[in-house]
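To start, the structure under review is shown below, and the notes come after it.
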Amino acid sequence: MVNNEILDKVERCVQNQNTWRETKTINLIASENHISRTAEKFSISDFSHRYAEGLVNQREYQGQKYQDEIEKIAINSVKNLFKSKYADVRCPTATIANISIYYGLCKSGNIMFSLSVPNGAHISMRKFGGAGLRGLKIYDIPFDFDNYTIDMDLFGNLILGLKPRIITLGASVFLFPHPVQEIKKICEDLETIIHYDGSHVLGLIAGGEFQDPLREGADILMGSTHKTFPGPQGAIICTNNREILSHVEKG
231 MVNNEILDKV
241 ERCVQNQNTW
251 RETKTINLIA
261 SENHISRTAE
271 KFSISDFSHR
281 YAEGLVNQRE
291 YQGQKYQDEI
301 EKIAINSVKN
311 LFKSKYADVR
321 CPTATIANIS
331 IYYGLCKSGN
341 IMFSLSVPNG
351 AHISMRKFGG
361 AGLRGLKIYD
371 IPFDFDNYTI
381 DMDLFGNLIL
391 GLKPRIITLG
401 ASVFLFPHPV
411 QEIKKICEDL
421 ETIIHYDGSH
431 VLGLIAGGEF
441 QDPLREGADI
451 LMGSTHKTFP
461 GPQGAIICTN
471 NREILSHVEK
481 G
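If you're matching positions, the sequence shown starts at 231 in my numbering and goes up one per residue.
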């Protein structure tokens with residue numbers, strides 16, 4: 231039985247939120263964007279409350295033919311936009327994408343480098359986030375705070391000495407491109423995975439206004455789709471390595 235009083239309150243609350251946030255405020259939260267009307271329209275559909283567990287054409291539930299079709303469109307669009315051979319569009323958040331990467335590509339006890347939180351890192355890259363949950367040994371990437379960039383003189387020696395399994399680049403506080411090419415060159419003879427979290431700059435990367443991590447040597451580019459990339463809440467993972475994607479899909 232529907233409680234009309236509660237229903238009216240909920241409807242007013244939704245209307246007030248839409249009016250207030252869209253017409254009466256200036257949003258200064260850098261991790262949020264204004265979703266396009268097109269994306270908003272598509273988000274209100276039967277898809278929004280259906281299970282779609284598994285991969286395209288390999289679902290755990292029946293009745294998925296249109297889910298498969300639209301996911302193929304999304305995958306191909308992401309691959310074309312970021313010029314990658316492979317893509318996964320299923321993660322609901324970038325934190326989940328990072329956890330999938332750490333679980334799919336690393337083992338407990340592996341060495342990892344990421345920025346510290348005061349130097350811009352997201353918590354999912356640290357011991358109290360997804361990386362710590364995986365049991366990784368996390369070392370700080372040396373950082374030149376005055377110039378707000380990675381200190382490559384120190385970092386190069388640390389990479390060669392510790393031979394990390396994975397290096398996570400990218401940040402929540404992100405002013406300048408990270409030295410992906412330099413790091414890739416140092417890792418040439420190592421089995422180190424370069425993972426670039428582009429969540430806060432993904433729209434700039436897509437538009438060619440920032441660096442191009444995959445072309446510069448990153449093995450994985452991932453990021454959320456609702457920051458500088460103006461879509462709905464979600465995340466994508468891109469790579470040119472089929473084996474990497476296979477491991478991440480299982481992560």
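Don't be surprised by glycine CBs; every beta carbon is placed ideally from N, CA and C. Source: prediction; values computed, not measured.
Local conformation of residue i per DSSP, three classes
i, result
"Thr253", "helix"
"Ala465", "strand"
"Gln292", "coil"
"Ser275", "coil"
"Ile423", "strand"
"Ser454", "strand"
"Gly481", "coil"
"Gly433", "helix"
"Leu444", "helix"
"Leu258", "coil"
"Asp318", "strand"
"Leu516", "Residue 516 lies beyond the range of the chain shown here (231 to 481); nothing can be said about it."
"Glu439", "coil"
"Val403", "coil"
"Ile326", "helix"
"Val232", "coil"
"Glu418", "coil"
"Gly312", "Correcting the residue type first, residue 312 is Phe in the shown sequence and not Gly. Reduced to three states, the DSSP call for Phe312 is helix."
"Asp449", "coil"
"Arg280", "coil"
"Asn470", "coil"
Separation of residue j from residue i, as counted between CA atoms
i, j, result
"Lys480", "Ala436", "26 angstroms"
"Tyr281", "Thr323", "17 angstroms"
"Arg364", "Cys417", "23 angstroms"
"Asn482", "Val232", "Any property of residue 482 remains undetermined from this structure, which presents the chain solely from 231 to 481."
"Glu446", "Thr469", "12 angstroms"
"Gln463", "Ser330", "17 angstroms"
"Ala465", "Ala317", "11 angstroms"
"Arg267", "Ser273", "10 angstroms"
"Thr255", "His264", "12 angstroms"
"Pro460", "Ser275", "19 angstroms"
"Lys393", "Phe343", "10 angstroms"
"Lys357", "Phe385", "20 angstroms"
"Ile236", "Glu252", "24 angstroms"
"Val319", "Lys239", "35 angstroms"
"Ser476", "Ile467", "12 angstroms"
"Leu451", "Asp419", "21 angstroms"
"Ala327", "Val308", "15 angstroms"
"Leu366", "Cys243", "43 angstroms"
"Asp383", "Arg472", "33 angstroms"
Among the options, nearest to residue i - alpha-carbon criterion
i, options, result
"Leu434", "Leu285, Ser454, Asp419 and Lys357", "Ser454"
"Val403", "Asp383, His430 and Ser476", "His430"
"Phe341", "Leu311, Gly391 and Cys321", "The question names Phe, yet the displayed sequence has Ile at residue 341. Nearest of Leu311, Gly391 and Cys321 to Ile341, Cα basis: Gly391."
"Asn387", "Gln292, Lys295, Lys415 and Val319", "Lys415"
"Asp442", "Ser476, Ser261, Tyr332 and Phe312", "Phe312"
"Ile474", "Cys336, Ile389 and Val308", "Cys336"
"Asp298", "Lys309, Val308, Gly284 and Asn310", "Gly284"
"Leu258", "Gly334, Val478, Ser476 and Thr458", "Thr458"
"Tyr296", "Lys309, Ser307, Ile305 and Phe277", "Phe277"
"Ala260", "Cys243, Ala401 and Glu421", "Ala401"
"Glu421", "Ile389, Leu405, Leu432 and Asn328", "Ile389"
"Cys321", "Ala304, Ser314 and Asn310", "Ala304"
"Asp310", "Gly362, Phe440 and Leu444", "Checking the displayed sequence, the identity of residue 310 turns out to be Asn instead of Asp. Out of Gly362, Phe440 and Leu444, Leu444 has the C-alpha closest to the C-alpha of Asn310."
Any C-beta of chain B under 8 angstroms from that of residue i
i, result
"Leu392", "Looking for chain B here will not work: only one protein chain is present."
* Counting pairs of beta carbons, one from the segment 385 to 397 and one from the segment 423 to 439, are three or more of them closer than 8 angstroms? -> yes
* Contact between the segment 341 to 355 and the segment 366 to 376 (3+ Cβ pairs under 8 angstroms) -> yes
* Asked: Which parts of the segment 328 to 399 are runs of the alpha helix (DSSP H), unbroken and 4 residues or longer, counting only runs that do not cross its ends?
  -> 360 to 363 and 382 to 392
* Three-pair Cβ contact test at 8 angstroms for the segment 378 to 389 versus the segment 402 to 411 -> yes
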